[in-house]
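Under numbering that gives the first Met the number 0, the first residue of the sequence shown is numbered 0, with each subsequent residue one higher.
Quick reminder that beta carbons are idealized off the backbone N, C-alpha and C, glycines included.
For clarity, every value in this text was computed on a predicted model and none was experimentally measured.
Structure first, commentary second.
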Amino acid sequence: MTSQFEYNTISNAEDEQRLGKILQQCFNSPSDSIKTYFQRVGRENYRSISNSTQMIGGLAILPQGQWFGGECVPMGGIAAVGIAPEYRGSGAALELMQQTIRELYRRGIPISTLYAATQRLYRKVGYEQAGSLCSWEMPTQSIMMRDRALPMQTVELDCDEFSHLHQQQAKLTNGYLQRHQSVWQEKIKSSTYAYLIGADQPEGYLMFQQQEVNHSECLAIRDLVLLTSRAVRRFWTFISDHRSQIEKVRWQHSPEGFLTLNLPEQKAKIISLSRWMMRVVDVIKALEKRGYPQIETELHLDIQDKLIGENNDKFILKIAQGRGEVVRGGRGELKLDVSGLSPLYTGLFTPQQLQLTGRLEATETALLSATQIFAGSAPWMSDFF
């Protein structure tokens with residue numbers, strides 16, 4: 000069946016301007032901010048969808064990586080998905096996403112992640128909830144930490160050390176990004192101050208802005224890396240030292256908020272919690288690229304995927320020495336749709352939880368193996384794109 004839409008790259012300034020106008024209206028953004036975003040992302044990373052007469056929408060594909068089990072998996076981040084309002088409901092957005100996923104598969108990109116304005120569209124093409132974006136807030140008066148063993152060194156916002164330190168934390172955090180340049184640039188744009196924690200061998204950093212929120216002064220942390228317990232204590236001390244002028248601090252972290260375990264009272268509160276979505280684009284590559292616990296076992300999968308035929312098959316995932324090997328075939332003891340594979344793959348939900356919600360069917364043996372294979376800390380990230 001021939002599609003009524005045409006999927007293309009953005010190849011010239013005229014196409015860029017047309018898509019820019021569509022996205023400006025979709026996201027109620029100033030024209031200069033859309034132009035800046037195009038420059039950061041790069042024209043080559045935009046895709047458009049057109050009908051027989053004109054371009055009617057598009058999106059951006061951010062080439063990034065995402066960390067799972069201590070390994071970085073190549074990932075296509077989907078951003079700025081927009082369809083001109085007069086063409087919504089025509090099927091253009093669905094076609095745009097289907098074509099994008101097929102392109103990612105052809106390019107050998109194993110997974111794709113996005114933040115959804117509406118889950119229904121993305122679930123139709125195989126995305127599902129896969130990890131958290133969580134914002135915390137607490138009063139600075141309640142921190143009461145006094146540990147200044149490590150020095151705080153003020154640095155430029157584009158400090159070269161940041162990328163190296165961030166990667167060290169990313170290896171330990173399921174869901175963290177190997178960031179595209181546009182994500183880094185947004186961190187810099189939204190920050191006013193930056194500090195390294197430690198001197199010769201820094202043990203962390205923070206970037207932040209001071210702003211007024213609800214008629215009170217707030218220290219808004221835009222980026223944070225803490226690699227040691229000493230860095231955690233020094234971070235809280237540094238924030239506490241603002242208490243005479245700053246009433247509260249906001250930061251992004253895991254929903255468990257384990258950084259607050261050092262503090263005397265439970266005064267930190269979650270002020271927002273949302274979930275990003277993931278699509279496993281290439282089952283074999285995705286399963287082989289992530290890291291695993293140091294166990295020896297195997298899992299017999301039966302995957303259904305209506306969009307990527309090569310994923311619609313039975314697979315055996317063999318785990319040894321922290322790595323995975325996938326071959327086709329097997330007994331298919333754990334059955335699930337490709338969308339249900341995402342929260343299993345990232346570890347957002349346990350196999351038992353996914354079975355309870357009807358996302359998979361499995362034998363007791365397969366449930367046990369899957370629980371061991373995908374064990375790890377709950378996935379989250381501190382970036383929105």
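Query - Three-state secondary structure (DSSP) of Phe237 - result: helix
Query - Straight-line gap, Arg289 to Trp66 (C-alpha atoms, nearest Å) - result: 7 angstroms
Report task. Below 7 angstroms CB to CB, which residues in the same chain sit around Lys186 once its five sequence neighbours on both sides are set aside? Result -> Met206, Arg221, Asp222
Query raised in the report: Per DSSP, what kind of secondary structure is His165 in: helix, strand or coil?
Result: helix
Query raised in the report: How big is the Cα-Cα spacing for Met96 and Glu5?
Result: 12 angstroms
Report task. If I'm right that Val224 touches Tyr204 with Cβ under 8 angstroms, what's the distance once you round it to whole angstroms? Result -> 5 angstroms
Query raised in the report: Smallest Cα separation from Val325: which of Met144, Thr362, His299, Asp304?
Result: His299
Requested in this report: Report the option in Leu226, Phe26, Thr345, Asn261 whose CA atom is closest to the CA atom of Glu70.
Outcome: Thr345
Query raised in the report: How long is the line joining the alpha carbons of Arg234 and Asp14, rounded to whole angstroms?
Result: Checking the displayed sequence, the identity of residue 234 turns out to be Phe instead of Arg. So the alpha carbons of these two residues sit roughly 46 angstroms apart.
Query raised in the report: Are the CB atoms of Leu394 and Ser47 nearer to each other than 7 angstroms?
Result: Here the chain comprises residues numbered 0 to 384, so residue 394 is not present and cannot be evaluated.
Report task. Ignore the nearest five residues each way along the sequence and tell me which others in Glu211's own chain have a CB closer than 8 angstroms to its CB. Result -> Cys217
Query raised in the report: Nearest CA to the CA of Gln63: which residue from Leu113, Gly88, Asp31?
Result: Leu113
Requested in this report: Below 7 angstroms CB to CB, which residues in the same chain sit around Pro138 once its five sequence neighbours on both sides are set aside?
Outcome: Glu246, Lys247, Lys266
**Report entry** Outcome for Asp159 when other beta-carbon atoms lying within 10 angstroms are tallied against a minimum of 16
**Finding:** exposed
Query raised in the report: What is the rounded straight-line gap between the Cα of Glu85 and the Cα of Pro150?
Result: 57 angstroms
Query raised in the report: Using 8 angstroms as the Cβ pair cut-off and three pairs as the minimum, do the stretch 114–127 and the stretch 336–356 touch?
Result: yes
Report task. For Asn173, count neighbouring C-beta atoms within 10 Å of its own C-beta (all shown protein chains included) and say buried if the count is 16 or more, exposed if not. Result -> buried
Report task. With a 10 Å radius around its C-beta and 16 neighbouring C-beta atoms as the bar for buried, classify Ile238 as buried or exposed. Result -> buried
Query raised in the report: Any idea what DSSP makes of Val325, helix, strand or coil?
Result: strand
Query raised in the report: Are three or more beta carbon pairs between the stretch 259–273 and the stretch 349–364 nearer than 8 angstroms?
Result: no
**Report entry** Secondary structure, beta strand (DSSP E): runs of 3+ residues fully inside the stretch 0–78
**Finding:** 5–8, 45–49, 54–67
Requested in this report: Tell me where the alpha helix (DSSP H) around Trp183 begins and ends.
Outcome: 180–188
Query raised in the report: Leaving out five residues before and five after Arg278 in sequence, what residues of the same chain have Cβ atoms less than 6 angstroms from its Cβ?
Result: Ser111, Gly125, Tyr126
Query raised in the report: Looking at Ala79 and Leu58, is the spacing between their C-beta atoms short of 7 angstroms?
Result: yes
Report task. Following the continuous beta strand (DSSP E) through Leu195, name the residue where it begins and the one where it ends. Result -> 192–196
Query raised in the report: With 16 other CB atoms within 10 Å as the buried threshold, where does Pro292 fall?
Result: exposed
Report task. Could you check the C-alpha separation between Gly252 and Ser51 for me, to the nearest Å? Result -> The question names Gly, but residue 252 in the sequence shown is His. Going from the Cα of His252 to the Cα of Ser51 covers about 46 angstroms.
Requested in this report: Find out if the Cβ-Cβ distance for the pair Tyr104, Val280 is shorter than 7 angstroms.
Outcome: yes
Report task. Select from Arg119, Asp199, Met276 the residue whose C-alpha is nearest the C-alpha of Pro378. Result -> Met276
Report task. Give the C-beta separation of Tyr45 and Ile100 to the nearest angstrom, bearing in mind that I take them to be a contact with Cβ-Cβ under 8 angstroms. Result -> Going by Cβ atoms, the distance from Tyr45 to Ile100 rounds to 16 angstroms, so no, they are not a contact pair.
Query raised in the report: Glu363 lies in the alpha helix (DSSP H); which residues open and close that run?
Result: 363–372
Report task. Return the CA-CA distance between Lys34 and Phe26, expressed in angstroms with no decimal places. Result -> 13 angstroms
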